[in-house]
Amino acid sequence: MVSLQREENFVIIELGSHTTKAMQDVSDVNKLPTVHIRSRAGIVKQEETDNAEHAPEANGDSMSIDETNTEGQAAAEQTNATSRDKPADSSDQDSAGPNYVFGSALDSADGDTLEAVVDVFKNGFVNDWDVLSAFLRHIVTKELGLHIIRNTSGFLFSIPALWPKTDLENLTQIAFEDLNAPSIMVVEQSLMAAYGNNGLTGTVIDMGHDTVTITPIVDSAVQTHSIAQSTVAGAVVTRHLQQLLQADDELCAQFTDKQVPLVFAEALKESGKCRLQLLPDRANDAEERQEFEYDGKTYKIKQETLLQAPEIMMQPTQEAQMPLAALVRQAVLGCDLDKRAALWENIHIVGGSSRFGDLQERLQMELESTVLPASNIFALSQTRDTQFHSIPEYFIGWGGYGHWAAFLGACLAAKVALADGRHFVSRSDYNDSGPSIIHTKAF
155 MVSLQREENF
165 VIIELGSHTT
175 KAMQDVSDVN
185 KLPTVHIRSR
195 AGIVKQEETD
205 NAEHAPEANG
215 DSMSIDETNT
225 EGQAAAEQTN
235 ATSRDKPADS
245 SDQDSAGPNY
255 VFGSALDSAD
265 GDTLEAVVDV
275 FKNGFVNDWD
285 VLSAFLRHIV
295 TKELGLHIIR
305 NTSGFLFSIP
315 ALWPKTDLEN
325 LTQIAFEDLN
335 APSIMVVEQS
345 LMAAYGNNGL
355 TGTVIDMGHD
365 TVTITPIVDS
375 AVQTHSIAQS
385 TVAGAVVTRH
395 LQQLLQADDE
405 LCAQFTDKQV
415 PLVFAEALKE
425 SGKCRLQLLP
435 DRANDAEERQ
445 EFEYDGKTYK
455 IKQETLLQAP
465 EIMMQPTQEA
475 QMPLAALVRQ
485 AVLGCDLDKR
495 AALWENIHIV
505 GGSSRFGDLQ
515 ERLQMELEST
525 VLPASNIFAL
535 SQTRDTQFHS
545 IPEYFIGWGG
555 YGHWAAFLGA
565 CLAAKVALAD
575 GRHFVSRSDY
585 NDSGPSIIHT
595 KAF
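As numbered in the working numbering, residues 155 to 597 make up the sequence shown, in order.
Spelled out as structure tokens, the structure:
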């Protein structure tokens, strides 16, 4: 099918524990992702679902697990779809199945109408595959505006590290049977981050919401055996910041119940005011306060609090967790001796939690003062130099978005791989071999 070779049809979906990003059309790689949606779902109470069956659809952001994705679908068309338990485009809704809301519909939903709010992913892995299926169909049909029954778009899924084979097979099954994909490929976000920063070898530090993952890559090969992870990531920083804010009596007095909500701490963390400390601040500087606008009000936050919040990633308080510099060292020293110099000289920091001010400078200072001198005891081939890389300047649309390098890398990979049958899994491949075919194709 000729349309499959058109870059305008390619769809990129990057799965993230906090935010999932997506875009159709990779013909212009200077474009940013068009879809940014929180990776969570609201499960609508059954009585609300029953009431909705007798009323017109009021909000287009809800989706049943077996909801139709096209209008006026004929029963004859349904019989041609590949069978899971029920095709994704079935116009017969399962009244006993759960109904989900995502995105803006979830943000504006009345809490009394929801049975629960669940994360699609936890620590980089799928919480519930039925929820993921509905989530992906929502992205494809509601956010990207594609018709599943007439889908001609090849999909590239960018996934977190260390997914087991069974998870890859489940994702493959969802893509072909629920999204009606004509072709797919699955890539690791760490490798895509290196590609986005114009690298084939390096150490990728992915600072996410649930985990910080350090992945060595050598000549486009992910060194899975050397991957190091820590659960002290963005979510921990948010909770730590909330505790620091709660200890500030002057700030707490500005809230009606004298309790700092978690959403306030998260908004403050995302504001860019938090940063890492390079040199000790003077005592009077630490007591200074910065103004922060939130929900129409102005709050004054201690400078000391803004410095202490991200510090927990560099020096975790839990004994079981390693400092970030030591975690990077562990990942690099797990690789072959002759590859370590290149890994130190090509470091890529990505992920939403990498946006704290002075993070790169702080990490470089710690690596060069503690880790690298100690590594020289192994061989003369070791290096005492660290170099950090970011998105090249010629990608003019990506200035200031270095933390999204993995998505740019996925767009670049799609331009090559989704146009070459050696790299993607086609529907005929899937029909012949089943979900396990995904393990035979790689880029």
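Glycine included, each C-beta is placed from N, C-alpha and C at the ideal position.
Predicted model only: the values in this text are computed from it and were never measured.
Discussion item. On a Cα-Cα basis, can you pick out the residue from Thr326, Ala573 and Ile197 that is closest to valine 253?
Written reply: In the sequence as displayed, the identity of residue 253 is asparagine instead of valine. Here the closest residue by C-alpha is Ile197.
Practice prompt. Could you name the residues of the same chain whose beta carbon sits closer than 6 angstroms to that of alanine 382, not counting the 5 residues immediately before and after it, in chain order?
Written response: Within its own chain, the residues whose Cβ lies closer than 6 angstroms to the Cβ of alanine 382, once the five positions on either side in sequence are excluded, are Ile368, Leu481, Gln484 and Ala485, listed in chain order.
Worksheet item: When burial is assigned at 16 or more other CB atoms within 10 Å of the CB, is arginine 509 buried or exposed?
Response: With 16 or more Cβ atoms within 10 Å of its Cβ, arginine 509 is classed as buried.
Worksheet item: In three-state terms, what does DSSP make of aspartate 586?
Response: Reduced to three states, the DSSP call for aspartate 586 is helix.
Worksheet item: Is serine 337 closer than 8 angstroms to serine 580 when the C-beta atoms are compared?
Response: Taking the C-beta atoms as reference points, serine 337 is found nearer than 8 angstroms to serine 580.
Discussion item. Nearest by alpha-carbon distance to tyrosine 555: which of Leu521, Asp512, Gly506 and Asp321 is it?
Written reply: Distance from the Cα of tyrosine 555 is smallest, within the candidate group Leu521, Asp512, Gly506 and Asp321, for Gly506.
Worksheet item: In terms of residue numbering, what span does the beta strand (DSSP E) encompassing asparagine 253 cover?
Response: For asparagine 253, the enclosing beta strand (DSSP E) begins and ends at 253-255.
Worksheet item: How long is the line joining the alpha carbons of valine 358 and alanine 389, rounded to whole angstroms?
Response: Cα to Cα, the separation comes out at about 20 angstroms.
Worksheet item: Given 8 angstroms as the limit, is there contact between the stretch 159-166 and the stretch 176-188, that is, 3 or more CB pairs closer than that?
Response: Under the Cβ criterion (8 angstroms, minimum of three pairs), the stretch 159-166 counts as touching the stretch 176-188.
Discussion item. Whole angstroms are fine: how far does the CA of aspartate 492 sit from the CA of phenylalanine 418?
Written reply: Looking at the two C-alpha atoms, the distance is approximately 47 angstroms.
Worksheet item: Three or more beta-carbon pairs under 8 angstroms between the stretch 345-361 and the stretch 560-568, yes or no?
Response: Output reads yes: the stretch 560-568 touches the stretch 345-361.
Worksheet item: Count the other CB atoms within 10 Å of the CB of lysine 175; is the residue buried (16 or more) or exposed (fewer)?
Response: By the neighbour-count criterion, in which a residue is buried when 16 or more other Cβ atoms sit within 10 angstroms of its Cβ, lysine 175 is buried.
Fill in: Chain-order list of residues whose beta-carbon lies under 7 angstroms from that of isoleucine 591 (same chain, five-residue window excluded)
Within the same chain, Val579, Asp583 and Tyr584 come within 7 angstroms of isoleucine 591 by CB-CB distance, once the 5 residues on both sides are set aside.
Practice prompt. Report all residues from its chain with a CB closer than 7 angstroms to the CB of lysine 199; omit the five preceding and five following residues, and keep chain order.
Written response: Take lysine 199, set aside five residues on each side of it, and the residues of its chain with a beta-carbon closer than 7 angstroms to its own are Thr267, Leu268 and Glu269, in chain order.
Worksheet entry | Cβ shell of proline 442 (< 8 angstroms), same chain only, five flanking positions each side left out | Correcting the residue identity first, residue 442 is glutamate in this sequence and not proline. Once the five neighbours on either side are set aside, the close Cβ partners of glutamate 442 are Lys456 and Gln457.
Worksheet item: If you draw a straight line from the C-alpha of threonine 295 to the C-alpha of proline 477, how long is it?
Response: Going from the Cα of threonine 295 to the Cα of proline 477 covers about 42 angstroms.
Worksheet item: Mind checking glutamate 379: buried by the 16 CB within 10 Å criterion, or exposed?
Response: A small fix is needed here, since residue 379 is histidine in this sequence, not glutamate. Under this definition histidine 379 is an exposed residue.
Worksheet item: From threonine 385 to phenylalanine 275, what does the alpha carbon distance come to, in whole angstroms?
Response: Take the alpha-carbon of threonine 385 and the one of phenylalanine 275: they are about 14 angstroms apart.
Fill in: alpha helix (DSSP H) runs contained entirely in the stretch 475-537, provided each spans 4 or more residues
Fully enclosed alpha helix (DSSP H) runs of 4 or longer: 478-487, 494-498, 513-520 and 526-529.
Fill in: Reduced DSSP category for isoleucine 371 - H, G, I as helix; E, B as strand; rest coil
Note: isoleucine 371 maps to strand in three-state DSSP.
Fill in: CB-CB length for aspartate 364 against serine 171, believed under 8 angstroms
That belief holds up - the Cβ atoms of aspartate 364 and serine 171 are roughly 4 angstroms apart, short of 8 angstroms.
Worksheet entry | Residue nearest to isoleucine 501 in terms of C-alpha spacing, selected from Gly353, Ala560, Gln431 and Leu461 | It is Gly353.
Practice prompt. Using three-state DSSP, classify alanine 335 as helix, strand or coil.
Written response: When DSSP states are grouped into helix, strand and coil, alanine 335 belongs to the coil group.
Practice prompt. Tell me where the alpha helix (DSSP H) around aspartate 321 begins and ends.
Written response: 319-327 is the span of the alpha helix (DSSP H), which, as asked, contains aspartate 321.
Worksheet item: In chain order, what residues of the same chain have a beta carbon less than 8 angstroms from the beta carbon of lysine 427, not counting five sequence neighbours either side?
Response: These residues qualify, in order along the chain: Gln444, Phe446, Ile455 and Leu460.
Discussion item. Helix, strand or coil, according to DSSP, for histidine 593 in the structure here?
Written reply: Helix.
Worksheet item: Can you give the Cα-Cα distance for aspartate 264 and glutamate 201, rounded to whole angstroms?
Response: Straight-line Cα distance between these residues: approximately 14 angstroms.
Worksheet item: Does the stretch 545-559 touch the stretch 395-403, meaning 3 or more C-beta pairs lie closer than 8 angstroms?
Response: Counting C-beta pairs closer than 8 angstroms gives fewer than three between the stretch 395-403 and the stretch 545-559, which falls short of the contact rule.
Fill in: Whole-angstrom C-beta distance between valine 280 and valine 272, which should lie under 8 angstroms
11 angstroms between Cβ atoms; not a contact.
Practice prompt. Assign glutamine 622 to buried or exposed, taking buried as 16 or more other Cβ atoms, counted over all protein chains shown, within 10 Å of its Cβ.
Written response: Since the first residue of the chain shown is 155 and the last is 597, residue 622 is not available in this structure.
Worksheet item: Alpha carbon to alpha carbon, what distance is there between alanine 329 and histidine 593?
Response: Cα atoms of histidine 593 and alanine 329: separation of roughly 15 angstroms, rounded to the nearest angstrom.
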